[in-house]
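Residues in the sequence shown are numbered from 224 upward in steps of one, following this note's numbering.
Ideal placement from N, C-alpha and C gives every residue a C-beta, glycine not left out.
Worksheet: the structure to be examined is printed underneath.
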Amino acid sequence: EIPSSVTTLRDQCCFINCTSLTDVKLPEGITSLGYGFFSGCVNLTTVDIPSSVISLGGNCFADCTKLSNIEIPSNVKSIGYKCFVNCSALTSISIPDNVTSLGKFCFSHCTGLESVSLSSNLTYLNESCFEFCSALKTIVIPSGITHIGESCFWFCDHLEKVSFPTSLVRMYDYSFAGCDNLETIEI
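In structure tokens, the structure reads:
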């Protein structure tokens with residue numbers, strides 16, 4: 224547990240490759256977890272993120288292969304590039320409604336990810352955002368999404384059902400390529 228007297232942590236790669244780290248409780252007052260903050264913490268299972276955090280940087284939790292559960296605080300507005308890439312133990316994620324931006328490859332290779340609840344304030348699902356999320360079976364694209372980026376759901380090979388909003392105007396190349404089990408599309 225980090226003491227509450229700490230309000231600032233080095234923004235970049237603060238705990239990168241701390242392979243023995245298993246649990247973290249961050250104090251209120253910290254506003255962002257920067258680039259690579261916990262990247263490579265392969266034994267990290269639990270992180271308690273305070274409500275003061277508004278930004279999760281790129282590669283923040285990259286390769287935290289044992290991270291199985293995380294609650295993103297409701298004040299978070301952006302989730303960066305490759306933030307949760309290769310978090311293979313992550314089974315579900317709920318993206319709060321304040322989030323307006325998901326970085327490219329944000330949840331790429333989260334092979335255990337079965338359930339996703341997306342923010343209602345997103346307008347764009349970025350490139351390769353959920354590629355190779357092989358356990359994902361259904362996805363409801365929220366109203367307000369206008370674009371689905373290139374390879375967004377590339378090789379989500381257990382994806383069976385997708386619901387699209389009427390706000391959708393464009394899907395880029397390979398958005399759902401390799402989704403071999405996709406049976407139902409609802410518009």
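Simplified DSSP state of residue i, which is helix, strand or coil
i	result
S275	coil
Y347	strand
H370	strand
D380	coil
D403	coil
I318	coil
L325	strand
Proximal residues to residue i (C-beta, below 8 Å), its chain only, five neighbours per side dropped
i	result
I318	I295, I302, L325, V339, S340, L341, S342, L345
E354	F328, S331, H332, S374, C375, F376, W377, F378, C379
E350	K327, F328, G372, E373, S374, C375, Y395
S357	T334, F378, C379, D380, H381
S227	P250, E251, G252
Among the options, the one whose alpha carbon lies nearest that of residue i
i	options	result
Y347	H370, L290, L359	H370
R393	C402, G367, N404, T407	G367
N282	I239, L359, D403	I239
G280	C402, T242, F307, P273	F307
F399	T245, C352, T389, S291	C352
V322	S291, P365, Q235, A285	P365
Residue(s) in a DSSP beta bridge with residue i
i	result
T251	Residue identity differs from the one stated: residue 251 is Glu in this sequence, not Thr. DSSP lists no partner for E251.
L256	L279
V385	I362, I408
Presumed contact (8 Å Cβ cut-off) between residue i and residue j, rounded CB distance
i	j	result
V247	D271	7 Å
L249	I225	6 Å
Neighbourhood of residue i by C-beta distance below 6 Å, restricted to the same chain and skipping five residues each side
i	result
K384	T361, T407
Beta-carbon contacts of residue i that lie in its chain and below 7 Å, excluding the five residues immediately before and after
i	result
Y397	E373, S374, W377
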